[in-house]
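Asker: Sending over a structure as structure tokens; questions will come in a sec.
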Amino acid sequence: MTCFDKETREYSRDKEHEPLGFKFKLIHEGFANMLNKQLRDEDMTFSQMILVSYLWENKDKKVTQKDISQALQIKHPTTIGLLKRLEDKEMVKVVVDPDNRKYRNVAITSKGEEFIIRSKERRKNMNQILVEGLSDDEITQLRYLLDKVIDNMKML
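Structure, rendered in structure tokens:
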């Protein structure tokens, strides 16, 4: 995967032979790091942005903490922690479901909506960075191949 060159004191990658899973790990970590740097000014994290985005996309539906855990594929305690921090930032509102008191409904606030609107330009810029140097056909092929990998992972 990687080798440390003692002379240059740098790591080099064996791109041709490294496992695909390792490549996806590097992509995920690099993407999360880039986004977290951009989000620092907003006092937000990548995970918090994903949760607020999910609420934005589902703002016309009743969303529970359980829905969030399932949709984002995170454990319930992680969901609770994210929601607590987002409530403190006034990005989301959590209320007991009046129809079933054992559920908590979660909604995006106006402050959360403003954050999402500002984030649309960030997302556009991030997409441009990710496909820098690729032709339109290559971008189409990349999207197709990534969707195939995602579908293959659903079989596991």
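My numbering puts the first residue of the sequence shown at 32, with every later residue one more than the last.
Note that CB positions come from ideal geometry on N, CA and C, so glycine has one too.
All values reported here derive from a predicted model rather than from experimental measurement.
#1: Pairing CB atoms from the segment 86 to 95 with CB atoms from the segment 140 to 160, are three or more of them under 8 Å?
#2: Could you name the residues of the same chain whose beta carbon sits closer than 7 Å to that of K142, not counting the 5 residues immediately before and after it, in chain order?
#3: List the DSSP bridge partners of R135.
#4: Got a sec? Which residues, its chain only, sit under 6 Å from T110 by beta carbon, not counting five neighbours each side?
#5: Just to confirm the assignment: which complete beta strand (DSSP E) runs, minimum length 3, are found wholly within the segment 40 to 109?
#6: Could you give the DSSP three-state label for S166: helix, strand or coil?
#7: Hey, could you find the ends of the alpha helix (DSSP H) M157 is sitting in?
#8: Relative to the alpha-carbon of N67, which residue among F77, H59, V126 has its alpha-carbon at the smallest distance?
#9: From Q104, K93, Q79, N136, pick the residue whose C-alpha is nearest to that of R116; which is it?
#10: Using only the alpha-carbon positions, how far apart do L114 and K92 sit?
#11: Am I right that R154 and Q69 are in contact with their C-beta atoms under 8 Å? What's the rounded C-beta distance?
#12: Hey, would you say K124 sits closer than 7 Å to A102, going by beta carbons?
Answerer: Taking the geometry as given:
#1: yes
#2: E121, M122
#3: V127
#4: Q96, I99, S100
#5: 41 to 44
#6: coil
#7: 141 to 161
#8: F77
#9: Q79
#10: 17 Å
#11: With a Cβ gap of about 10 Å, R154 and Q69 do not count as contacting.
#12: no
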